[in-house]
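Notes to accompany the following structure.
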Amino acid sequence: MDKEATDDHPVGWQMHTYWGEKAKAITFLGQDSDVNDDIRFAVATANVTWNAPVAGKTVPITMGKMYTWIGYELVENIGNPNYTHGSSYNNAIPFTHMGLSFDVSEFLPSDKWGLTLYYVNGWDSYIDNNEAKSFGTYLTWQPNDDFFISLATIYGAEGWGRMPNGDATMMYDIVATYALPQVDKLSLGFNWDHGYSENDGFGTFSNTTSGGHWYAAVGYAMWDFTDRQMGALRYEYFDNTDGVKDANITFDNGGTQVGGGSWYTITYTHNITVADNLMLRPEVRYNNYSSTVRPDLPGAAFEPGDKGHTADDEVILTFGAEYVF
Numbered sequence: 023m024d025k026e027a028t029d030d031h032p033v034g035w036q037m038h039t040y041w042g043e044k045a046k047a048i049t050f051l052g053q054d055s056d057v058n059d060d061i062r063f064a065v066a067t068a069n070v071t072w073n074a075p076v077a078g079k080t081v082p083i084t085m086g087k088m089y090t091w092i093g094y095e096l097v098e099n100i101g102n103p104n105y106t107h108g109s110s111y112n113n114a115i116p117f118t119h120m121g122l123s124f125d126v127s128e129f130l131p132s133d134k135w136g137l138t139l140y141y142v143n144g145w146d147s148y149i150d151n152n153e154a155k156s157f158g159t160y161l162t163w164q165p166n167d168d169f170f171i172s173l174a175t176i177y178g179a180e181g182w183g184r185m186p187n188g189d190a191t192m193m194y195d196i197v198a199t200y201a202l203p204q205v206d207k208l209s210l211g212f213n214w215d216h217g218y219s220e221n222d223g224f225g226t227f228s229n230t231t232s233g234g235h236w237y238a239a240v241g242y243a244m245w246d247f248t249d250r251q252m253g254a255l256r257y258e259y260f261d262n263t264d265g266v267k268d269a270n271i272t273f274d275n276g277g278t279q280v281g282g283g284s285w286y287t288i289t290y291t292h293n294i295t296v297a298d299n300l301m302l303r304p305e306v307r308y309n310n311y312s313s314t315v316r317p318d319l320p321g322a323a324f325e326p327g328d329k330g331h332t333a334d335d336e337v338i339l340t341f342g343a344e345y346v347f
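According to the numbering used here, the residues represented by the sequence shown are 23 to 347, in order.
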């Protein structure tokens with residue numbers, strides 16, 4: 023449910039809810055009783071926007087829980103070129119934030135530039151798990167209809183899954199899109215992420231470093247076969263060698279994390295619009311990991327179809343149907 027803030031009606035609002043599996047992952051930090059619930063409901067966003075008059079300009083101020091400003095892909099994947107989210111989206115960036123944003127773009131010298139400032143509790147939380155806040159920026163430049171580039175940042179004492187008030191977590195994200203005027207059927211996208219978490223990752227366990235980094239690079243190529251068929255190819259590489267993120271990490275036989283890993287994925291999605299509000303999305307995806315996934319984790323119960331975490335690559339076939347009301 024969305025209502026846009028306009029000049030005639032300066033107050034708008036947004037509320038998006040999720041049910042089922044996606045609701046389990048959209049917000050990580052909440053009430054302790056939520057952790058093991060099998061049936062989940064999540065309010066992904068719930069915010070109010072006010073177009074505030076400031077010094078003769080309009081400053082949209084958003085208050086509440088909002089989607090992140092970081093990354094190429096959107097939470098709602100119908101707006102993405104591929105049906106499944108990229109691994110970099112799932113691991114490199116936050117999904118939501120609770121706090122305030124201030125769009126101060128009208129104070130910039132050109133309407134080709136945009137700037138929004140953020141003051142939030144942290145990452146993927148509707149509560150504050152420490153006494154610190156995080157600060158973010160989102161700077162955009164669009165010189166023409168064919169090219170767009172943005173720089174997103176966040177900084178705050180938000181150690182991954184921790185409670186301290188001093189462990190800084192920071193990252194920046196670059197997104198660029200280009201629609202080639204020479205080839206009107208082809209458009210390109212690029213996403214780069216780099217993050218650092220103080221006193222976290224593999225170095226915490228080995229006492230060799232004071233923190234850990236993670237990196238991600240993603241490239242997109244979209245081709246319009248017809249007005250109703252579009253192919254989307256995505257290649258991504260994610261480096262979690264420092265083990266900061268809980269993905270493709272390695273344990274010893276005692277269950278202690280001893281390192282991280284990296285992986286790349288290649289995904290092709292064929293988007294078929296069969297009606298104005300119905301899209302069919304067959305997809306093939308290949309994941310390749312630098313090491314087997316959690317190969318030495320002791321006492322892990324295997325789920326149906328589980329190979330025992332011994333595979334270092336996989337092919338995934340997916341078919342999605344998306345209907346917009």
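We put the CB at the ideal spot given by N, CA and C, even for glycine.
- With fewer than 16 other Cβ atoms from the protein chains shown falling within 10 Å of its own Cβ, VAL337 counts as exposed.
- Spatial neighbours of ASP125 in its own chain (CB-CB distance under 7 Å, excluding positions within 5 residues in sequence) are listed in chain order as VAL81, PRO82 and THR138.
- In this structure, LYS155 is the residue among LEU161, LYS155 and TRP72 with its C-alpha nearest to the C-alpha of HIS119.
- C-alpha of GLN251 to C-alpha of TYR286: approximately 26 Å in a straight line.
- Secondary structure at ASN152: coil, using DSSP grouped into helix, strand and coil.
- The three-state secondary structure of ASN221, taken from DSSP, is coil.
- The stretch 103-115 makes no contact with the stretch 66-77; the number of CB pairs closer than 8 Å stays below 3.
- Taking C-alpha positions only, THR340 is separated from TRP135 by approximately 38 Å.
- Looking at ILE294, ARG256, ASP335 and ASP298, the one whose alpha-carbon comes closest to that of HIS107 is ARG256.
- In this structure, the CA atom of GLY93 is about 10 Å from the CA atom of THR175.
- In this structure, the straight-line span from the alpha carbon of TRP35 to that of LEU122 is close to 13 Å.
- Within the model, the alpha-carbon separation for GLY78 versus ASP30 is close to 16 Å.
- When DSSP states are grouped into helix, strand and coil, ALA45 belongs to the helix group.
- Looking at the backbone, the Cα of GLY42 and that of GLU26 are separated by about 28 Å.
- Here ASN213 has TYR94, VAL197 and VAL240 as same chain residues with Cβ atoms under 6 Å from its own Cβ, once five neighbours each way along the sequence are excluded.
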